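One point on numbering: in my numbering, the residue at position 192 of the sequence shown is 510, and numbering is uninterrupted. For each residue, glycine too, the CB sits at the ideal point set by N, CA and C. Please read all numbers here as calculations on a predicted model, not as lab measurements. Shown next, in structure tokens, is the structure this report addresses.
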Amino acid sequence: MFGFICLCCLPHDGLAQPQVDLAGIEISIDQDGFADWVRKTNKEEENPFYDDNYTVALRIGIFGEYANSYYLGLPWVREKIDGFLIDNLLYNGDFRQKQESHNFVFTANGFSPTHISDEVAEYDDAVANGYSLFNDRPFSTFTGFRSTRRLEGTKRFVHSAKLFEMGVNTSFAFGLGGLGMAKGIDNLFGGRRVDGNLWKRDEDKPYPTGQVLKNVFPLFQYSLSSEIAVWTPIRKIVLQVRPEINLGYYTDIAFGIDFGKVMSVEGVIDNLSYTDVNNPSLAKVNDDDFGFSLVGGITGRAVLYNYHLNGLYGKSKGNYYTFADTRKLIYDAYVGVKIQILQTVDITYSVNTRFSEFKSPLKVNPIWGTISLKYLMGPAGVGCHN
Numbered sequence: 319m320f321g322f323i324c325l326c327c328l329p330h331d332g333l334a335q336p337q338v339d340l341a342g343i344e345i346s347i348d349q350d351g352f353a354d355w356v357r358k359t360n361k362e363e364e365n366p367f368y369d370d371n372y373t374v375a376l377r378i379g380i381f382g383e384y385a386n387s388y389y390l391g392l393p394w395v396r397e398k399i400d401g402f403l404i405d406n407l408l409y410n411g412d413f414r415q416k417q418e419s420h421n422f423v424f425t426a427n428g429f430s431p432t433h434i435s436d437e438v439a440e441y442d443d444a445v446a447n448g449y450s451l452f453n454d455r456p457f458s459t460f461t462g463f464r465s466t467r468r469l470e471g472t473k474r475f476v477h478s479a480k481l482f483e484m485g486v487n488t489s490f491a492f493g494l495g496g497l498g499m500a501k502g503i504d505n506l507f508g509g510r511r512v513d514g515n516l517w518k519r520d521e522d523k524p525y526p527t528g529q530v531l532k533n534v535f536p537l538f539q540y541s542l543s544s545e546i547a548v549w550t551p552i553r554k555i556v557l558q559v560r561p562e563i564n565l566g567y568y569t570d571i572a573f574g575i576d577f578g579k580v581m582s583v584e585g586v587i588d589n590l591s592y593t594d595v596n597n598p599s600l601a602k603v604n605d606d607d608f609g610f611s612l613v614g615g616i617t618g619r620a621v622l623y624n625y626h627l628n629g630l631y632g633k634s635k636g637n638y639y640t641f642a643d644t645r646k647l648i649y650d651a652y653v654g655v656k657i658q659i660l661q662t663v664d665i666t667y668s669v670n671t672r673f674s675e676f677k678s679p680l681k682v683n684p685i686w687g688t689i690s691l692k693y694l695m696g697p698a699g700v701g702c703h704n
């Protein structure tokens, strides 16, 4: 019986499923307004510092063999790092690969303090209640490109007779900090939110304005993460662990736990949380004309460096936090739903939250939403839950 189950988890030809040239395209957006319905209508009366403005992000990408072209530059860099750091360890460690896929994206994300304009009454009311931009996070952005490789398969761990479903993601991102594109994205998708005049640096004001980096600066990040399904109590229900490490403009070690219902082709849970650079993007085609997934997760992060808060450790002019003033251990969590229609259209929506990342009397735990739309052009997968 065990052997039969293992065979069912393999592609029909018994080999790793080939990747098509263009497997799909994606657009994904983060915006605080997408989670407004979660917040209470009387939030300002309960907490004058409640964070309506925290993050905005845009990701536009492609899936497939084209996304791994050396002409794009970053796939070549990522492959060299992968070969040096993990490939030998992975393939010599009894990892049985079933599928390899690639993703290449343009991404722009940004973070902002609670108030992004000092030209509205809400700002004056907050200041009257003790609010100060000196106690809030700085403005910051990252704009660039990312190359991602995803391996899916099974692995037998030490002293275990069981094959565990496993996904391994590596990515390399390169771009610019301080470019400011996130402000335009925020204005485009921010709905009724005010135009943030505080995004522009004005050193004549008695409080910090503008981004944590005064000038445009090149940034990079390498990310490695894995999903391991440790428990499948019933069909299509998965509990998984998700270790992760990021090196670069955001440097941390993380460990997450996800639980929920997956589609029939998924052996592990697709992380449906926010579109930040460290979160991989997947294009998985269901076996049936309709599929859905409902999952949630929580992640703990031991943070060593965060450019969005720290700038360049004192070389930034404006509002930034030193290593001593940033929290070393933070948590973020999400709940998300994915709907796939006719093996072609994939829609995801999630609500995300994160504990405060810096030491401040504000104690803000932001909430934001993520909406993603994918057009899938690859073949249907072969899953373990059919």
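{"Check": "Quick check on DSSP: helix, strand or coil for residue 388?", "Outcome": "helix"}
{"Check": "Determine, using beta carbons only, whether residue 709 and residue 651 come nearer to each other than 8 Å.", "Outcome": "Residue 709 falls outside the range modelled here, since the chain spans only 319 to 704, and no answer is possible."}
{"Check": "Can you name the start and end residues of the beta strand (DSSP E) that residue 655 belongs to?", "Outcome": "647-659"}
{"Check": "State the start and end residues of the unbroken beta strand (DSSP E) segment that holds residue 515.", "Outcome": "Careful: residue 515 lies outside any beta strand (DSSP E) and carries neither H nor E."}
{"Check": "Can you grab the Cα-Cα spacing for the pair residue 640 / residue 631, in whole Å?", "Outcome": "6 Å"}
{"Check": "Going by Cα to Cα distance, which pick from 475, 614, 562, 373 is closest to residue 460?", "Outcome": "373"}
{"Check": "Just list the residues that DSSP pairs residue 461 with in beta bridges.", "Outcome": "426, 494"}
{"Check": "Quick one, are the C-beta atoms of residue 589 and residue 615 less than 8 Å apart?", "Outcome": "yes"}
{"Check": "Per DSSP, what are the beta-bridge partners of residue 503 in this structure?", "Outcome": "None, per the DSSP bridge assignment."}
{"Check": "Please confirm whether residue 522 and residue 514 have their CB atoms less than 8 Å apart.", "Outcome": "no"}
{"Check": "By DSSP's criteria, residue 529 is part of a beta bridge. Which residues make up the other side?", "Outcome": "457"}
{"Check": "Here's a check: name, in chain order, each residue in its chain whose Cβ is nearer than 8 Å to the Cβ of residue 548, leaving out the five neighbours to either side.", "Outcome": "482, 557, 558, 559"}
{"Check": "My output table needs one value for residue 383: the three-state DSSP class, helix, strand or coil.", "Outcome": "helix"}
{"Check": "Do residue 424 and residue 351 have their CB atoms nearer than 8 Å?", "Outcome": "no"}
{"Check": "Give the DSSP bridge partners of residue 545, in chain order.", "Outcome": "485"}
{"Check": "Within 10 Å of its beta-carbon, does residue 448 have 16 or more other beta-carbons around it, so buried, or fewer, so exposed?", "Outcome": "exposed"}
{"Check": "Should residue 561 go down as buried or exposed, given a rule of 16 or more other Cβ atoms within 10 Å for buried?", "Outcome": "exposed"}
{"Check": "What residue range is occupied by the uninterrupted alpha helix (DSSP H) comprising residue 446?", "Outcome": "439-446"}
{"Check": "At what residue ranges does the segment 552-629 contain a whole run of the beta strand (DSSP E), taking only runs of 3 or more?", "Outcome": "555-566, 568-579, 608-624"}
{"Check": "Taking the straight line between their C-alpha atoms, what separation do you get for residue 552 and residue 606?", "Outcome": "19 Å"}
{"Check": "In terms of alpha-carbon separation, which member of 371, 403, 592 lies closest to residue 440?", "Outcome": "371"}
{"Check": "Pick out whichever of 517, 451, 618, 649 has its Cα sitting closest to the Cα of residue 673.", "Outcome": "649"}
{"Check": "With distances taken Cα to Cα, identify the nearest neighbour of residue 413 among 419, 404, 421.", "Outcome": "404"}
{"Check": "Using 10 angstroms around the beta-carbon of residue 475, count the other beta-carbons present and answer buried if the total reaches 16, otherwise exposed.", "Outcome": "exposed"}
{"Check": "So, at 8 Å on beta carbons, what are the nonlocal neighbours of residue 480 in its own chain, with the 5 sequence-adjacent residues on each side left out?", "Outcome": "474"}
{"Check": "Between residue 617 and residue 654, is the Cβ-Cβ spacing less than 8 Å?", "Outcome": "no"}
{"Check": "Checking 8 Å against the spacing of the C-beta atoms, do residue 493 and residue 533 come in under that value?", "Outcome": "no"}
{"Check": "Excluding the five sequence neighbours on either side, which residues of its own chain have a C-beta within less than 6 Å of the C-beta of residue 550, listed in chain order?", "Outcome": "556"}
{"Check": "What's the gap between the Cα of residue 566 and the Cα of residue 600?", "Outcome": "23 Å"}
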